[in-house]
Amino acid sequence: LPCLTIHDAPRFAWRGMHMDVSRHFWPKSFVLKFINALALHKMNSFHWHLTDDQGWRLEIPQYPKLQTISAWRNQTLVGHHDRE
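Numbering (my numbering), first residue to last: 21 to 104.
As structure tokens, this is what we get:
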């Protein structure tokens with residue numbers, strides 16, 4: 021059998037996925053499976069979209085003001101939504 025050398029590399033340096041939990045809520049078990057699937061497919065970037073323009077929705081007990089203050093806005097920076 022002839023000897024050979026295989027040079028293998030990904031086509032793109034950035035290989036990743038995005039998960040938007042600010043609009044679509046997923047259980048912890050699914051998030052962990054998703055991250056494990058990324059590792060299985062040798063993805064090297066994970067963008068986790070936790071919040072949107074309208075406010076912070078993730079509860080962190082050490083920072084209660086994130087939910088009590090930052091979760092509510094009278095206006096938005098994106099779009100033209102009025103709350104009256």
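C-beta atoms are modelled at their ideal positions from N, C-alpha and C, and glycine is treated no differently.
None of the values given here were measured: they were computed from a predicted structure.
Exercise. What are the start and end residues of each continuous alpha helix (DSSP H) run of 4 or more residues lying completely inside the region 46-79, in chain order?
Worked result: Qualifying alpha helix (DSSP H) stretches, in chain order: 48-60.
For this session: Give every residue of the same chain whose Cβ lies closer than 6 angstroms to the Cβ of N64, excluding the five residues on either side of it in the sequence, and list them in chain order.
Result: Walking along the sequence shown from the start, residue 64 turns up at place 44. The residues are R35.
For this session: Name the two residues that bound the continuous alpha helix (DSSP H) containing L86.
Result: Residue numbering aside, residue 86 sits at position 66 when the sequence shown is read from its first letter. From DSSP, the alpha helix (DSSP H) with L86 extends over 85-88.
For this session: Taking H69 and M39 to be in contact with their CB atoms under 8 angstroms, please state how far apart those CB atoms are, rounded to whole angstroms.
Result: The residue given as residue 69 occupies position 49 in the sequence shown. The residue given as residue 39 occupies position 19 in the sequence shown. Right, the Cβ-Cβ distance comes to about 7 angstroms (below 8 angstroms), so this counts as a contact.
Exercise. What is the rounded straight-line gap between the Cα of T71 and the Cα of L24?
Worked result: To locate residue 71, count along the sequence shown from 1; it is residue 51. To locate residue 24, count along the sequence shown from 1; it is residue 4. Note on geometry: alpha-carbon atoms of T71 and L24 lie some 50 angstroms from one another.
For this session: Put D40 into one of helix, strand or coil per three-state DSSP.
Result: On the sequence shown, residue 40 is found 20 positions in, with the first residue counted as 1. DSSP, reduced to helix, strand and coil, places D40 within a strand of the structure shown.
Problem set entry | Residues near L78 in its chain [Cβ-Cβ closer than 6 angstroms; skip 5 each side] | As a first step, residue 78 is located in the sequence shown; it is residue number 58 there, counting from the start. Result list for L78: L70, in chain order.
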